[in-house]
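So the structure is just underneath, and the comments pick up after that.
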Amino acid sequence: MPLLKRLAPQLIALAALALLVTLVFPGFLNISVNDGRLVGPVIDVLKRVAPVALLATGMTLVIATRGIDLSVGTIMAICGAFAAWAIAGGWGLVPALLLALGAGALAGLWNGALVAVVGIQPFVATLILMTMGRGIAQLITEGRILTFTNPGFAFFGSGTFLGLPFPAWLWLATGIGAALLMRRTALGLLIEAIGINRRASALAGVNATVLLIAVYIASGLCAALAGIVVTADIRGADANNAGLWLELDAILAVVIGGNSLLGGRFSILASLLGALIIQTIDTGILLAGFPSEYNLVIKAGLVLVILILQSPRIAAEWRVWRDTRTAPQPAAGARP
Amino acid sequence: MLLSIRSLTKTFPGTRALDAVDFDLAAGEVHALLGENGAGKSTLIKCLTGAYLRDGGTITLDAAPIDPKSTVEAQDLGIGTVYQEVNLLPNLTVAQNLIFGREPRRFGLIDNRAMRAEARAMLAQYGLDIDVSRDLGSYSVAIQQIIAIARAVALSGKVLILDEPTASLDAREVQMVFEVVRGLRARGLGIIFVSHFLDQVFELSDRITVLRNGRKITTERTADLDRMALIEHMLGRALEDEILHPAPEAAAEHAPLLEFQGFGRNGMIAPFDLKIGAGEVVGLAGLLGAGRTESAQLMFGTPPAQDGTARDGSGPLDLHSPRAAIAAGFGFVPEDRKTDGIIADLSIRENIILGLQARQGWARPIPRAEQNRLADDFIRRLDIRTSGREKPIGELSGGNQQKAVLARWLAMNPRFLILDEPTRGIDVGAHAEILRLIHDLTDAGMSLLVISSEIDELVAVADRVIVVRDRRHVAELTGPRVTADAIMRAIATPEEAA
């Protein structure tokens, strides 16, 4: 099955990590039922991975077009601030959600227009919103942490649905939904085509400009969902810290998922596994009880090891090594 | 002789790019180097400037043998080059560009004042009085080109190679650059001039050397050579061996399909009129850079035409973009397969169905079974040599890539298909197959516009040939007048053929 073959490196890395964490923290895989909900470190990973998994879903599409979206962390802060502002202002749950999603889509439209219409390099184009956007979020929250009480909205961050935390359902549904949308329609093919050769695709009649704008809007919408989750989780909008540096974790998740930063072939499911790998490392380090100052160094080391083990060169060398070991050794002098 | 090249040979896998070429350059001479694409001009220049290492032969400069291994070494020996695209740094000042790498220093720091003075003095030799502290990019391409020449001469000072220096200049700017070149000739430099513009070659050069297929064909004094003879040398055919068009009587029978009126765009092609009949093959002939590809690009909306209209039997056509042109039933197989044709990492199947899918829209995916059927069908019909339809197209040979790109358009069944150099860089077998395919397509009623550098090919397939010269459609040959002789005459001297 080609899908399983594509996901094999990520699945193996995730399983190996789970094993490693279990060795230092034996209770890692334990799951118990408490008050109708599942509890345990693994469930915690599924919940906490939500922001990065959501961002990675949109980021995969952007990277497939040979772009990058550095502004997603900031878009989270903006959308969270809008949602909190609307809830605190008594708009009610649905209008607040729509406002946040609308803000995310608008931010994506801005990025997409800069890249596809104005022709600015994606790195620079999204850097603009990345730096400017936190200012917008701060203007909305008036520089404070904007808190609110709304059980309906808080459900998006800490609610439980069918035994699992709601954020877990949200990223699973978004990620798998996006993957199905890409592969059950022709979107996936067209996005890969413009990522590999935008000029040739445009000459073949692919509407590259509209598609490019669309992937940045998709990335903005994913960031809005992530912003809603973190704002709902802490029941407040923190313009300075919501989503801070998360764009980098999202890019890392896409890369661990085996997607090329040069665009082209992509797999959203592999990026989701990449996000799970990152979150498992984070949670694992915490559970293992290392002093907190070691966390980032250990994380960096593990990520490096995973990336090296997944690289095509290592795979090729491993095949050569295996073949030379298993192939019968030619007798000396048998060949001229 | 200032520079003397003897039996220069350079081989690349599969081709002998230069085959025992001799070339002499005297001091105080402008020597034009001519030839069609692939004749070996740029290989010769690259061997001379050390960008390529030659396989055999000798180069002597000022009676001493030289062996440049890099462009820097060639520069130090006295050989400087100016390319078509100005290869200076537009965001540095004129002075920084001119003096780059040998800045005057004061207390170890760059002495900007001395640098500006030196730059001004350098440009004064060329009659150029401009503000050298402004960014290079703020000046016109002609001035940048002169600055590039000034820099090359200052660095090397014996031999100056001008590789298509006027390609992006207008007529007045060309004269500016020519004045500079004439001044350098008077100062005793040897100048090698490469250009596609024959008028400019005749105006500026003292001698002409023609290369073809890696061999030197001739070196003659410009004054002794007429246009006709030059083009015969370049294309490698004598005018006597006329080939009559195979089906002259078919020419008048095509019902009108498309009509372009006053179609043109500044800097690409002067406004032209063109009628295309149903099932007709129109050929576009002309030297490289004459405006053949540009004509085709405008018809396909990339970029859109500034002037003129296009219409079919039912009314005006919107051709503002490739998508619009495709909606009007147009197709375009571009000249540069790699950058404009194939999507290298996608499979043959995906490359073939891409155009069809883009036209249907993303929401209506072509079912996989239908994709497989289409791909297999075209792989069989066009005889695309591959181990299977899922192979990435980038791994195919050039001819098979070309067939797959052609299949993409045939799958969309256009009424008007533009083929820009459909047989460039593909082997002889595939060449014949593609010509056969062109016949099959027109038999099925498709109209074609075929651009080709190979005149025989046009004579073989075209009902009518438009000749393009210096960015203008200058002649139209129909029916029995479509002969290699007439096409070559029209390329050289439009008045005679028109």
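Protein sequence lines, in the order shown, are assigned to chains A and B.
The opening residue of the first sequence carries number 0 in numbering that gives the first Met the number 0; numbering runs sequentially from there.
The opening residue of the second sequence carries number 0 in numbering that gives the first Met the number 0; numbering runs sequentially from there.
C-beta atoms are modelled at their ideal positions from N, C-alpha and C, and glycine is treated no differently.
From a predicted model like this one, the values you see are computed outputs, not experimental measurements.
If you draw a straight line from the C-alpha of A:Leu10 to the C-alpha of A:Leu272, how long is it? 7 Å
Compute the Euclidean distance between the alpha carbons of A:Val209 and A:Arg65, then round it to the nearest angstrom. 15 Å
For chain A, is any of its Cβ atoms less than 8 Å away from the one on B:Glu334? no
Taking 8 Å as the threshold (C-beta atoms), are B:Ser3 and B:Thr59 in contact? yes
Cβ-based contacts, 8 Å cut-off: residues of the stretch 174-199 of chain A near chain B: Arg183, Thr184, Ala185, Leu186, Leu188, Leu189, Glu191, Ala192, Ile195, Asn196, Arg198, Ala199
Let me know the secondary structure DSSP gives B:Arg546 once reduced to three states. Not covered by the structure: residue 546 of chain B. The range shown for chain B is 0 to 497.
Consider the Cβ of A:Val61: report whether some Cβ of chain B lies at a distance smaller than 8 Å. no
Anyone know if the C-beta pair for B:Gln124 and B:Val176 falls short of 8 Å? no
With a cut-off of 8 Å, does the C-beta of B:Thr477 fall near any C-beta of chain A? no
Apart from the five residues just before and just after B:Val20, which ones in its own chain have a Cβ nearer than 8 Å to its Cβ? Ile4, Ser6, Leu7, Thr8, Gly39, Leu43, Gly56, Leu210, Gly213, Arg214, Lys215
Use the C-beta contact count for B:Asp462: other C-beta atoms within 10 angstroms, 16 or more gives buried, fewer gives exposed. buried
C-alpha gap between B:Pro270 and B:Arg379, whole angstroms: 41 Å
8 Å Cβ cutoff, B:Asp23 in contact with chain A: no
If you count every other CB in all the chains shown that lies within 10 Å of the CB of A:Ile216, and 16 or more means buried, which is it? buried
When A:Val319, A:Glu292, A:Val44 are compared against A:Pro164, the one with the closest alpha-carbon: A:Val44
Look up B:Gln260 in the DSSP assignment and give the residues it is bridged to. B:Thr308
Is B:Glu349 close to chain A? Criterion is C-beta to C-beta, closer than 8 Å. yes
Residues near A:Ala172 in its chain [Cβ-Cβ closer than 6 Å; skip 5 each side]: none
Mind checking whether B:Ile146 and B:Val93 have CB atoms under 8 Å apart? yes
Taking C-beta to C-beta, are B:Leu33 and B:Ile207 nearer than 8 Å? yes
Would B:Pro364 and A:Ala63 qualify as a contact pair, given that the criterion is a beta-carbon distance under 8 Å? no
Just to check my reading of the structure: A:Thr146 and A:Gly235 have Cβ atoms closer than 8 Å, yes? What is that Cβ distance to the nearest angstrom? 4 Å
Just tell me which of B:Gln74, B:Ser137, B:Ala254 has its CA closest to the CA of B:Gly444. B:Ala254
Answer with yes or no whether the minimum CB distance from B:Ile325 to chain A is below 8 Å. yes
Reducing DSSP to helix, strand and coil, say where B:Ala254 ends up. coil
In chain order, what residues of the same chain lie with their CB nearer than 6 Å to the CB of A:Ala115, ignoring the 5 residues before and after it? Thr208, Leu211, Ile212
Just curious, the alpha helix (DSSP H) that A:Ser157 is in, first and last residue? 150-157
Given that B:Phe331 touches chain A, what residues does it touch there, using C-beta distances under 7 Å? Leu202
Using only the alpha-carbon positions, how far apart do A:Gly263 and B:Gln370 sit? 20 Å
Could you give the distance in angstroms between the alpha-carbon of A:Leu188 and the alpha-carbon of B:Pro421? 26 Å
Give me the DSSP bridge partner(s) of B:Ile65. B:Ile58
Say whether the stretch 329-349 of chain B touches the stretch 408-419 of chain B, bearing in mind that this needs 3 or more beta-carbon pairs closer than 8 Å, one atom from each stretch. yes
Interface residues of chain A around B:Gln356 at Cβ under 8 Å? Ala185, Leu188, Leu189
Can you name, in chain order, every residue of its own chain whose Cβ lies under 6 Å from the Cβ of A:Arg318, other than the five neighbours on each side? none
Do the CB positions of A:Ala238 and A:Ala14 come within less than 8 Å of each other? no
Rank B:Val449, B:Ala357, B:Leu283 by C-alpha distance to the C-alpha of B:Ala489 and give the top, closest one. B:Leu283
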